[in-house]
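Scroll down for the structure; my scribbles are underneath it.
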Amino acid sequence: SSGINAEWPLRPGVFTGCFIFGTVGNAFALNFFCSRKKDVPKIIYIMITSMDLVVSLQAVLLAAPCLSHGFKSWMLNATIVEQTWGMVWMVTSNSTVFLVALLSITRMWHLMFPFRKNFNKTTVVVIFLVYMALSTVQATVPFWAEFSENTKGNH
């Protein structure tokens with residue numbers, strides 16, 4: 019048999035399951051952490067579940083082509099959609115790993131220096147926003163070459 023599902027016939031179900039369970043699970047987790055006292059670990063958990071929620075929502079773009087060949091023909095063949103999806107996927111999935119590392123560092127710091135003033139919420143959020151800005155700039159580098167090629171003929 020040939021077609022999009024020939025190489026791995028379970029793919030549509032796996033991607034659809036990731037979309038449904040990931041979105042619902044992360045939405046509940048986000049609601050749980052947002053309803054609690056906002057200390058540094060909870061702020062990091064909120065950021066982690068937010069990034070995971072975005073990754074779960076992106077799974078619909080993996081599931082849809084498996085379920086519908088028509089969707090694939092117009093959606094994933096659009097270069098800008100595919101590149102933007104890839105950029106957001108890379109930034110969000112890497113951000114989750116960065117946030118887990120940041121959580122580990124803050125916990126280690128608390129254990130090593132229990133009586134010293136530790137990280138505050140603003141510091142953690144600023145560190146994450148700087149990381150996100152740098153990651154986004156790095157992820158957009160392929161767009162720069164394309165933009166440069168497209169604007170050469172306009173001058």
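Going by the numbering used here, the sequence shown runs without a break in its numbering and finishes at 173.
Backbone N, C-alpha and C fix where the C-beta goes; we use that ideal spot for every residue, glycine too.
- Here DSSP, grouped into helix, strand and coil, assigns S53 to coil.
- The C-alpha of N136 is placed about 7 Å away from the C-alpha of H128.
- Straight across, the Cα-Cα distance linking Q101 with C36 is about 21 Å.
- Ranked by Cα distance from L75, the first of M130, T41, F116 is T41.
- Taking the Cα positions, F146 is about 23 Å away from P132.
- T158: not part of any alpha helix (DSSP H); DSSP gives it neither H nor E.
- Non-local C-beta neighbours of Y63 in its own chain, meaning closer than 6 Å and more than five positions away in sequence, comprise F51, ordered along the chain.
- The DSSP assignment places complete alpha helix (DSSP H) segments of no fewer than 4 residues inside the stretch 112 to 160 at 139 to 157, in order along the chain.
- Residue state for A77 is assigned as coil, using DSSP reduced to three classes.
- Setting aside the 5 residues that flank it on each side, W103 is surrounded in the same chain by L79, each with a C-beta closer than 6 Å to its C-beta; the list follows chain order.
- Restricting attention to P59, L152, A77, the CA atom closest to the CA of M126 is found in P59.
- T110 is positioned such that its CB atom lies closer than 7 Å to that of V73.
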